[in-house]
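K.L.:
What follows is a single structure, and I will ask about it in a moment.
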Amino acid sequence: MRVAFTKINTDQPRQTINGKLVVEETNRLEYVNSQLTDLSQQLEYLGTEIIAAEQLDRKEYINQLKALKLSVQRMEQVYCKLLFVSLTSVAVLTISCLWMGITRQPNSNKSQHNTAAVAVVSQRHSDT
Numbered sequence: 004m005r006v007a008f009t010k011i012n013t014d015q016p017r018q019t020i021n022g023k024l025v026v027e028e029t030n031r032l033e034y035v036n037s038q039l040t041d042l043s044q045q046l047e048y049l050g051t052e053i054i055a056a057e058q059l060d061r062k063e064y065i066n067q068l069k070a071l072k073l074s075v076q077r078m079e080q081v082y083c084k085l086l087f088v089s090l091t092s093v094a095v096l097t098i099s100c101l102w103m104g105i106t107r108q109p110n111s112n113k114s115q116h117n118t119a120a121v122a123v124v125s126q127r128h129s130d131t
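Start counting the sequence shown at 4; every next residue gets the next number (this note's numbering).
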């Protein structure tokens, strides 16, 4: 197994401070700055996406509430119609029952006469 090593450029003297090797930080700082810039842009993008999603959710929620309100209004209309039909039918039935009762009273007198006639006829049959 062969390990590849990169050649260290020893042509330029290395800077040292207090005996410690100082690496050129400018390239690293530029890299870190570019990374921070990218991250901040991504954060701004995500923030706008979150805001857009929240607004969309609010719009959908408002639309659902409007649909529910419309459904409740329709149900109230159907309920009012059903109540009207029920009350009307009760009134018609009551009036028809009263009318039938008034028109049947003379018939009830006739039926009393008929029962009296039947009683007389049955009494005559028993006498014979």
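All C-beta atoms in this analysis are idealised placements derived from N, C-alpha and C, irrespective of residue type, glycine included.
Predicted model only: the values in this text are computed from it and were never measured.
How long is the line joining the alpha carbons of Q1 and N21, rounded to whole angstroms?
P.N.:
Missing from the structure shown is residue 1; the chain here goes from 4 to 131 and no further.
K.L.:
Hey, is E79's beta-carbon within less than 9 Å of any beta-carbon in chain D?
P.N.:
Note that chain D does not occur in the displayed structure, where there is just one protein chain.
K.L.:
Cα separation between V81 and V95?
P.N.:
Going from the Cα of V81 to the Cα of V95 covers about 21 Å.
K.L.:
Write down every uninterrupted run of the alpha helix (DSSP H) in the region 33 to 69 whose length is 4 residues or greater and which is fully enclosed by it, in chain order.
P.N.:
Taking only runs of at least 4 residues, no alpha helix (DSSP H) segment lies wholly in the region 33 to 69.
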